[in-house]
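For the sequence shown, this note's numbering assigns the number 4 to the initial residue and increments by one for each residue that follows.
Cβ coordinates follow ideal geometry from the N, Cα and C atoms, glycine included.
To start, the structure under review is shown below, and the notes come after it.
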Amino acid sequence: MSEPVLEVTDLVKHYRTSGRQVVRAVDGVSLAIGHGEVLGLVGESGSGKSTVAKCVLRLTEPTAGRVHIAGRDITHLSRRAMRPVRRDIHIVFQDPYSSLNPRMTIGQIIGEPLRQHRLARGRAAQDRVATMLERVGLRAELRHRYPHELSGGQRQRVGLARALILEPKLIVADEPVSALDVSVQASVLNLVADLQRDMGFSCLFITHDLSVVEFLADRIAVMYLGKIVETGTREQIFADPRHPYTQALLSAAPVPDPAIQRSRQRIVLGGDPPSPTHPPAGCHFHTRCPVAIERCRLDPPALFGDGHAAACHLVTPAGGPLLTSKGV
Ligand SMILES: Nc1ncnc2c1ncn2[C@@H]1O[C@H](COP(=O)(O)OP(=O)(O)O)[C@@H](O)[C@H]1O
Ligand SMILES: [Mg+2]
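Here it is in structure tokens:
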């Protein structure tokens, strides 16, 4: 990989609550995204995905670790020094209802980054807004409307148009379709895929639903309780999942082919993930893992493997402990 657009190294974020407890939201995450690459960051609610996004965008200060954007260490840049970096990274939020200013017209919302960075005004700005509206599949006259007049899907298209108007190097999309009706999700995902192909931006695509990134991500990283437990190419994760957690997530996902669905082994995980305030010792996953052994209770496994890596004592060169690559 040439110099990554985003590189996150040993990122840690511990929140302190009012009750003096420490929430280990992110506990040593490293990842890199190359030019034009889409990385899917997948994990259950509470696993620390949004906290990673907030640290990347400097919306919160990390406890430890580093964030590089296009080779530049931005971890401790001042607000002022961050300004030019903010042209290169934009976020699309989960909730298209609360993330758009209700008092601004759609045209003003989409054009706001141009104004903030003093890149275009007047006619030139209007033309760029019109181009973006068209690119995200919205009619030109919608620019005079307000967010409450639009559907959820239309609002998320506005969020995308605003995020992309400066042609950033990196888009962080934090569950961009999770708040939308299932019927609308596919069309917004297709739009993201089309825009990514045409504009070539890199993307950190966050989702709790592995099936959402099946057609979008080049590589996938699976998070559990603040740590990445498996990472690999999309093909590696879907065809040969190795960590028991990834194997369970995949076994629960619906498959279009009913024959495969019937033959597929289903792994049901018991209970909810433990609290990141008191993560279990050893492997964080051992309390829910169907194959945990004594060692897993004591010894935290490191992410091991070249390219396709898993953090599990039971992964062997033949595959993961629950489903072998040939078994399903
Ligand atoms: N500002 C905060 N203060 C305290 N705890 C937080 C804060 N933000 C998130 N958390 C906690 O950190 C953990 C990870 O949260 P988050 O990054 O939002 O996970 P995800 O996006 O995967 O659902 C959760 O337990 C959450 O409750
Ligand atoms: Mg989140």
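Measure the alpha-carbon distance for residue i versus residue j and round it to whole angstroms.
i, j, result
"Thr290", "Tyr248", "11 Å"
"Ser254", "Leu301", "27 Å"
"Gly114", "Ile231", "36 Å"
"Gln199", "Gly22", "43 Å"
"Ser5", "Lys52", "25 Å"
"Arg245", "Asp201", "33 Å"
"Pro65", "Arg86", "19 Å"
"His71", "Gly31", "15 Å"
"Leu136", "Met107", "16 Å"
"Cys292", "Cys286", "10 Å"
"Glu10", "Leu207", "11 Å"
"Val185", "Ala256", "15 Å"
"Val187", "Ala84", "39 Å"
"Gly274", "Ser50", "15 Å"
"Thr78", "Ala56", "13 Å"
Excluding the 5 residues flanking residue i on each side, which residues of the same chain have their C-beta closer than 7 Å to its C-beta?
i, result
"Asp76", "Arg69"
"Ala166", "His93, Ile94, Val95, Ile174"
"Ser328", "Here Ser328 scores only 46 on pLDDT, less than 50, and its place in the model is too uncertain to base an answer on."
"Leu183", "Gly155, Gly156, Gln159, Val191"
"His38", "Ser5, Val8, Ser205"
"Thr319", "none"
In its own chain, which residues sit with a C-beta less than 6 Å from the C-beta of residue i, not counting the 5 before and 5 after it?
i, result
"Leu252", "Leu213"
"Leu169", "Arg90, Pro116"
"Thr234", "Ala224, Ala312"
"Thr54", "Lys16, Ala28, Val29"
"Gln24", "Thr280"
"Ala67", "Val15"
"Leu42", "Ile36, Leu207, Arg222"
Based on the DSSP output, what are the partners of residue i in its beta bridges?
i, result
"Phe208", "Gly43, Ala176"
"His71", "Glu10, Asp76"
"Leu34", "Val11"
"Met357", "Since the first residue of the chain shown is 4 and the last is 331, residue 357 is not available in this structure."
"Ile94", "Val175"
"Tyr18", "Val26"
"Ala313", "Glu233, Phe307"
Tell me, to the nearest whole angstrom, how far the beta carbon of residue i is from that of residue j; I am working on the premise that it is less than 8 Å.
i, j, result
"Ala314", "Pro304", "5 Å"
"Leu194", "Leu145", "Their Cβ separation, rounded to whole angstroms, is 15 Å, which puts Leu194 and Leu145 out of contact at 8 Å."
"Gly110", "Val132", "5 Å"
"Glu40", "Asp221", "5 Å"
"Pro105", "His147", "Contact flag wrong, Cβ pair sits at about 15 Å."
"Pro276", "Leu317", "Going by Cβ atoms, the distance from Pro276 to Leu317 rounds to 19 Å, so no, they are not a contact pair."
Report all residues from its chain with a CB closer than 8 Å to the CB of residue i; omit the five preceding and five following residues, and keep chain order.
i, result
"Pro282", "Arg27, Asp30, Leu228, Gly229"
"Ala196", "Phe218, Leu219"
"Arg237", "Gly43, Val216, Glu217, Ala220, Asp221, Arg222, Ile223"
query = Given 8 Å as the limit, is there contact between the region 133-148 and the region 55-65, that is, 3 or more CB pairs closer than that?
reply = no
task = Check whether the region 83-96 touches the region 172-180, taking contact to mean three or more Cβ pairs, one atom from each stretch, closer than 8 Å.
result = Contact between the region 83-96 and the region 172-180 is present: three or more C-beta pairs spanning the two stretches fall below 8 Å.
request  = Pair every Cβ in the region 281-299 with every Cβ in the region 199-219, then say whether three or more of these pairs are closer than 8 Å.
outcome  = no
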